[in-house]
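Student: Okay, handing you the structure first.
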Amino acid sequence: MGSYQLRIEQAFDRLDASPDSAAPDRIGQSTTPGYIGVGVNNDKSVGVLAVVSVDSGGPAEAAGVAVGDRILEIDGLQFQNSQEAVQFLQSNRFAGDTIELEVMRGTETLFIEVTLEPR
């Protein structure tokens, strides 16, 4: 029985150290998927997400995100590709949440807060 307890504790330690543990407490809050309103491509030459489109009237446009911006981090986390970023956002951030994007625009680094909207 002792080995099972150890395995359970190790599993909880792994959960505590995972990026998913950064998810906000959802009790009484929306779990509706959030919408940013950008299209991105993986820019493998520099390891960032390149913004290729910004939806007119969407939350990213309202926050000031522009085509050509390069997303370096989302809420302090780096992502290897757009699939990782989408998976993180769909699992951990929801409509009404505000996320912080660290973007490179030309040679300038900007921090842009985007409040996600329901899709």
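The sequence shown: position 11 = 11 (full-length UniProt numbering), numbered continuously.
Note that beta-carbon positions come from the ideal geometry of N, C-alpha and C, so glycine has one too.
Bear in mind the structure is a predicted one, so any value in this text is a computation, not a measurement.
Check each candidate in Thr31, Ala85 and Ser45 and name the one with the smallest Cα separation from Asp75.
Tutor: Here residue 75 refers to the residue found at position 75 when the sequence shown is read from its first residue. The shortest C-alpha separation from Asp75 is found at Ala85.
Student: Relative to the alpha-carbon of Asn81, which residue among Gly68, Ser45 and Ile36 has its alpha-carbon at the smallest distance?
Tutor: Along the sequence shown, read from residue 1 onward, the residue named residue 81 stands at position 81. The residue with the shortest Cα to Cα distance from Asn81 is Ser45.
Student: Helix, strand or coil, according to DSSP, for Leu101 in the structure here?
Tutor: Within the sequence shown, the letter at position 101 stands for residue 101. In the structure shown, Leu101 sits in a strand (DSSP, three-state: E or B).
Student: DSSP three-state call for Leu110: helix, strand or coil?
Tutor: Residue numbering aside, residue 110 sits at position 110 when the sequence shown is read from its first letter. Strand, per DSSP.
Student: Grab the span of the beta strand (DSSP E) containing Asn42 for me, first residue to last.
Tutor: Residue 42 sits at position 42 when you count from the first residue of the sequence shown. Start and end: Val38 to Asp43.
Student: Determine the DSSP secondary structure at Phe88, reduced to helix, strand or coil.
Tutor: As a working mapping, residue 88 is identified with position 88 in the sequence shown. Helix, per DSSP.
Student: Would Leu101 and Val48 be called neighbours here (beta carbons separated by less than 8 angstroms)?
Tutor: Numbered from its first residue, the sequence shown carries residue 101 at position 101. Numbered from its first residue, the sequence shown carries residue 48 at position 48. Not closer than 8 angstroms, so no.
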